[in-house]
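Student:
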Amino acid sequence: MTGTHGARTAPDLTLMYATHDAFRRDLGLLAAAARNDGAASGSAFRTGWDVFQRFLTIHHTAEDDVLWPLMRAKLADDAAGLRLMDEMDAEHAVIDPMLESVEDVLADRRQDLLPGLVETVAERLVYHLDHEEKAALPVVATLLSREEYDTFGAAQRRLLGLKGGAVYFPWVLDGAPEETRRKALGVLPPPVRFVYRAVWRPRYEKDRRTLTRAAA
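Just so we're aligned, residue 1 is where the sequence shown starts under UniProt numbering, counting upward by one.
Structure, rendered in structure tokens:
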């Protein structure tokens, strides 16, 4: 909302929803790759998992360190709202150790354990994403200004770094609607958009084909 002096500008949650969709997409590919035997699919799973796990860890860290504390401050006198924040924290606390369990299984080369473990991660994470989108994000959109919400985005960018951003943008926009692509790329300077199209996206697509084949 813009217009009158002092009016709150609502946050743009486009990349939040796009990131959630990318997690769901990767979970499907990773679950299928985990069910396939052989060294090729194992290597493809490892590569795909590394990207997924890194971005999920960054996303959760930025929420835990920046977004949810901002929301708790806004909800200080709202018992139901604070309970919702507790639920977000509790769901993260369940999911994050599961990621470490996958790392342990990969380190021990116990690929036979991967399918069940990845299915469990998918079940818990999809539940969390759905819960967050249904209950928490509408409150974020109502209570936070764009400037406040953008501190969360800035925290994610710091954690990503330039090299991480070179993978994140083609990853998060893989299969995204055109409007999402337009908005996301619109925040990048023109020279960076050129690098995205000429270098980042082709490199990502080449790497991603390996996981897609393993999931087939």
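Glycine included, each C-beta is placed from N, C-alpha and C at the ideal position.
Being a predicted model, the structure only gives us computed values, none of them experimental.
With 16 other CB atoms within 10 Å as the buried threshold, where does Thr57 fall?
Tutor: As a position in the sequence shown, residue 57 is number 57, starting the count at 1. By the 10 Å Cβ count, Thr57 comes out exposed.
Student: Buried or exposed, going by whether 16 or more other CB atoms sit within 10 Å of the CB of Gly48?
Tutor: On the sequence shown, position 48 is the one that residue 48 refers to. The residue is buried, with at least 16 neighbouring Cβ atoms inside 10 Å.
Student: Does DSSP put Asp12 in a helix, in a strand, or in coil?
Tutor: Counting from one through the sequence shown, the residue named residue 12 turns up at place 12. Correct three-state label for Asp12: coil.
Student: Do the CB positions of Gln156 and Ala62 come within less than 9 Å of each other?
Tutor: Position 156 of the sequence shown, counting from 1, holds the residue named residue 156. Position 62 of the sequence shown, counting from 1, holds the residue named residue 62. Yes; because the gap between Cβ atoms is below 9 Å, this pair is in contact.
Student: My understanding is that Val172 touches Ala184, with C-beta atoms under 8 Å, so please give their C-beta distance in whole angstroms.
Tutor: Indexing the sequence shown from 1 puts residue 172 at position 172. Indexing the sequence shown from 1 puts residue 184 at position 184. Correct: roughly 7 Å between the Cβ atoms.
Student: Compare the beta carbon distance of Leu211 and Ala122 with 9 Å and say whether it is the shorter of the two.
Tutor: Reading the sequence shown from its first residue, position 211 is the one you call residue 211. Reading the sequence shown from its first residue, position 122 is the one you call residue 122. Contact flag unset, no.
Student: For Val199, is the classification buried or exposed, using 16 other Cβ atoms within 10 angstroms of its Cβ as the cut-off for buried?
Tutor: In the sequence shown, the residue the question calls residue 199 occupies position 199. Exposed, since its Cβ has fewer than 16 Cβ neighbours within 10 Å.
Student: Are the beta-carbon atoms belonging to Asp89 and Trp68 less than 9 Å from one another?
Tutor: Working through the sequence shown from its first residue, we reach residue 89 at position 89. Working through the sequence shown from its first residue, we reach residue 68 at position 68. Taking 9 Å as the Cβ cut-off, Asp89 and Trp68 qualify as a contacting pair.
Student: Within 10 angstroms of its Cβ, does His5 collect 16 or more other Cβ (buried), or is it exposed?
Tutor: Within the sequence shown, the letter at position 5 stands for residue 5. Unreliable placement is indicated for His5, whose pLDDT of 43 sits below 50; the coordinate value is still reported in the next sentence. It is exposed - the Cβ of His5 has fewer than 16 other Cβ atoms within 10 Å.
Student: So, helix, strand or coil for Ala198, using DSSP?
Tutor: Residue mapping note: residue 198 aligns to position 198 of the sequence shown, counting from 1. Three-state result, Ala198: helix.
Student: Would you be able to state if there are at least three C-beta pairs under 8 Å between the region 119 to 134 and the region 17 to 35?
Tutor: Between the region 17 to 35 and the region 119 to 134 there are three or more inter-stretch CB-CB distances shorter than 8 Å, so the stretches are counted as touching.
Student: Would you mind reading off the limits of the alpha helix (DSSP H) that contains Glu91?
Tutor: Residue mapping note: residue 91 aligns to position 91 of the sequence shown, counting from 1. Unbroken alpha helix (DSSP H) run through Glu91: 79 to 107.
Student: Report all residues from its chain with a CB closer than 6 Å to the CB of Ala176; omit the five preceding and five following residues, and keep chain order.
Tutor: Here residue 176 is taken as the residue at index 176 of the sequence shown, counted from 1. Result list for Ala176: Ala18, in chain order.
Student: Have a look at Ala154, Phe152, Pro138, Val126 and flag the residue whose alpha-carbon is nearest the alpha-carbon of Asp21.
Tutor: Position 21 of the sequence shown, counted from the first residue, corresponds to residue 21. The shortest C-alpha separation from Asp21 is found at Val126.
Student: Which term fits Asp130, buried or exposed, when burial requires 16 or more other beta carbons within 10 angstroms of its beta carbon?
Tutor: Position 130 of the sequence shown, counted from the start, is the residue given in the question as residue 130. Classification for Asp130: exposed.
Student: Once DSSP output is grouped into helix, strand and coil, what is the label at Ala73?
Tutor: As a first step, residue 73 is located in the sequence shown; it is residue number 73 there, counting from the start. In this structure, Ala73 counts as helix in the three-state DSSP scheme.
Student: Can you check the region 130 to 196 for any alpha helix (DSSP H) of at least 4 residues that lies completely inside it and give the ranges in chain order?
Tutor: 137 to 143, 146 to 172, 178 to 186, 190 to 195
Student: Apart from the five residues on each side of it in sequence, which residues of its chain come closer than 8 Å, Cβ to Cβ, to Arg25?
Tutor: By one-based count along the sequence shown, residue 25 stands at place 25. These residues qualify, in order along the chain: Asp174, Gly175.
Student: Does the beta-carbon of Asp89, which I'm using as the reference point, lie nearer than 8 Å to any heavy atom of the ligand MG?
Tutor: Judged by which ligands are present, the structure shown has none, so any question about the ligand MG falls away.
Student: Out of Glu87, Pro138, Ala107, Ala154, point me to the one whose CA is closest to His59's CA.
Tutor: For the purposes of this step, residue 59 is taken as the residue at position 59 of the sequence shown. Selected option, being the one with the closest Cα: Ala154.
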